[in-house]
Amino acid sequence: MNKNQIKESIGRIPFTENRPILSVVIIELLLVAAMFIAGAYATIQELDYTAPVLIAFIPVSLVLIVCLTWKKSWKRYGFRPISHIPVQGWMYYLPLLLVLACIAFNGFRAFTLREALFFVFFTLMVGFVEETVYRGLILHILLRKKSAVTAVAISSLLFSVTHVLNLLSGQSIENTVVQLVYALLTGAALSLLILKNKNIIPLIAYHFIHNLLQFLGQDGRSVSVWDYVILGVLLLHCVWLIVSLKRDAAWKQPAGASKSWV
Numbered sequence: 001m002n003k004n005q006i007k008e009s010i011g012r013i014p015f016t017e018n019r020p021i022l023s024v025v026i027i028e029l030l031l032v033a034a035m036f037i038a039g040a041y042a043t044i045q046e047l048d049y050t051a052p053v054l055i056a057f058i059p060v061s062l063v064l065i066v067c068l069t070w071k072k073s074w075k076r077y078g079f080r081p082i083s084h085i086p087v088q089g090w091m092y093y094l095p096l097l098l099v100l101a102c103i104a105f106n107g108f109r110a111f112t113l114r115e116a117l118f119f120v121f122f123t124l125m126v127g128f129v130e131e132t133v134y135r136g137l138i139l140h141i142l143l144r145k146k147s148a149v150t151a152v153a154i155s156s157l158l159f160s161v162t163h164v165l166n167l168l169s170g171q172s173i174e175n176t177v178v179q180l181v182y183a184l185l186t187g188a189a190l191s192l193l194i195l196k197n198k199n200i201i202p203l204i205a206y207h208f209i210h211n212l213l214q215f216l217g218q219d220g221r222s223v224s225v226w227d228y229v230i231l232g233v234l235l236l237h238c239v240w241l242i243v244s245l246k247r248d249a250a251w252k253q254p255a256g257a258s259k260s261w262v
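Following the numbering used here, the numbering of the sequence shown begins with 1 at its first residue and continues without gaps.
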């Protein structure tokens with residue numbers, strides 16, 4: 001093969017395969033930039049605290065839907081019927097049910113039907129966007145060239161980093177640290193789950209219910225003992241999934257061998 005043929009061959013390889021790390025960094029920066037711009041606009045206009053996410057995520061969700069449909073790549077990023085999940089695979093979601101129960105134990109505030117319906121839409125959109133970006137696009141891009149360990153670590157770190165913006169909201173250092181660790185462990189657990197069962201639908205459903213319970217929970221509450229229980233559950237969940245993936249020989253696959261996960 002001569003130089004021209006080599007260049008032509010390289011040119012046909014998608015940018016995400018040639019530069020996986022750079023690709024996910026660009027995706028992360030675009031998402032953070034969208035949130036920053038939306039937040040600045042919402043602050044200037046003195047809009048509701050949910051406005052920045054709405055302003056940023058509505059167009060992002062539309063772009064994702066259009067792109068996935070146009071490229072016929074829904075299945076590639078884990079959008080499969082839940083009937084494809086093996087019966088024994090469902091037991092790996094049980095710790096997530098325990099997490100949801102712990103959140104519910106923190107209690108709920110009074111809310112109207114209109115508020116509840118709004119938060120159903122709001123949290124469902126957030127769950128779809130964040131799972132599609134982090135456990136769909138980013139994890140998939142990394143798995144094409146990197147090991148499962150690297151892919152899970154990077155996607156989870158990026159997911160956690162997006163929550164550092166909460167440092168600007170005036171909350172306590174303890175709240176922020178707990179939230180960052182919470183996001184990191186949640187990102188790791190959900191990434192491991194999609195490696196295990198190859199389906200993003202249960203992850204979106206969990207993300208949606210998790211956020212909905214939090215938004216309908218007590219306003220302005222500080223870190224409680226249940227938050228630390230959740231961190232322990234998530235940590236043990238990650239260990240359990242890693243052990244299971246090692247047993248399935250899906251954890252130490254060489255780079256490029258994980259392409260068939262979707």
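Ideal Cβ positions, reconstructed from N, Cα and C, are used throughout, including at glycine.
Cβ distance (whole Å) where residue i is taken to contact residue j below 8 Å
i      : j      : result
Leu137 : Ala189 : About 19 Å; that fails the 8 Å criterion.
Ile55  : Ala40  : No, Ile55 and Ala40 are not in contact; Cβ-Cβ is about 10 Å, not under 8 Å.
Cys102 : Val229 : 5 Å
Thr162 : Leu62  : Actually they are not in contact, since the Cβ atoms of Thr162 and Leu62 sit about 20 Å apart, beyond 8 Å.
Gly78  : Tyr134 : Their Cβ separation, rounded to whole angstroms, is 11 Å, which puts Gly78 and Tyr134 out of contact at 8 Å.
Val152 : Leu192 : 6 Å
Ile201 : Ile194 : Actually they are not in contact, since the Cβ atoms of Ile201 and Ile194 sit about 10 Å apart, beyond 8 Å.
Cβ-based burial, residue i [other Cβ within 10 Å; buried from 16]
i      : result
Tyr49  : exposed
Pro81  : exposed
Ile173 : exposed
His237 : buried
Phe15  : exposed
Phe57  : buried
Ser314 : This structure cannot speak to residue 314, because the chain is shown only from 1 to 262.
Glu17  : exposed
Ala263 : With the chain covering only 1 through 262, there is no way to say anything about residue 263.
Ile26  : exposed
Gln5   : At Gln5, the pLDDT of 45 sits below 50, so the modelled position is not reliable and the matter cannot be decided from this model.
Ile204 : buried
Lys72  : exposed
Lys146 : buried
Lys75  : exposed
Contact set for residue i: own chain, Cβ-Cβ below 6 Å, skip 5 residues either direction
i      : result
His207 : Gly127 and Glu131
Asp227 : Val178
Glu28  : Leu158
Met125 : Phe57 and Ser61
Leu96  : Tyr206
Phe105 : Trp226
Leu68  : Trp74
Neighbourhood of residue i by C-beta, 7 Å cutoff - its chain only, sequence neighbours within 5 removed
i      : result
Lys196 : Gly89, Tyr92, Leu241, Ser244 and Leu245
Ala111 : One detail in the question is off: residue 111 reads as Phe in this sequence, not Ala. The residues are Leu216.
Ile209 : Leu100
Gln214 : Ile103
Leu212 : Phe119, Val120 and Thr123
Ala38  : Pro52, Ile55 and Ala56
Ile85  : Asn197 and Asn199
Gly107 : Gly217 and Gln218
Ala255 : Model confidence at Ala255 stands at a pLDDT of 44, short of 50, so the residue's coordinates are unreliable; what they give is reported in the following sentence. Within the same chain, Ala255 has close Cβ partners Lys145, Lys146 and Ser147.
Simplified DSSP state of residue i, which is helix, strand or coil
i      : result
Gly78  : coil
Phe111 : coil
Ala33  : helix
Beta-carbon contacts of residue i that lie in its chain and below 8 Å, excluding the five residues immediately before and after
i      : result
Arg247 : none
Leu231 : Val178, Val181, Tyr182 and Leu185
Met44  : The residue asked about is misnamed: residue 44 is Ile in this sequence, not Met. Nothing listed; no residue qualifies.
Val129 : Phe57, Val60, Ser61 and Leu64
Glu46  : none
Residue i: CB within 6 Å of a non-hydrogen atom of the ligand NAD
i      : result
Arg114 : The ligand NAD is not among the ligands present in this structure, which contains no ligands whatsoever.
Cβ contact (3+ pairs, closer than 8 Å) linking the segment 112-119 and the segment 221-239: Cβ pair count under 8 Å is below three, so no.
Is the segment 139-146 touching the segment 16-25, taking contact as three or more C-beta pairs under 8 Å? By the C-beta criterion, the segment 139-146 is judged to be in contact with the segment 16-25, since at least 3 inter-stretch pairs fall below 8 Å.
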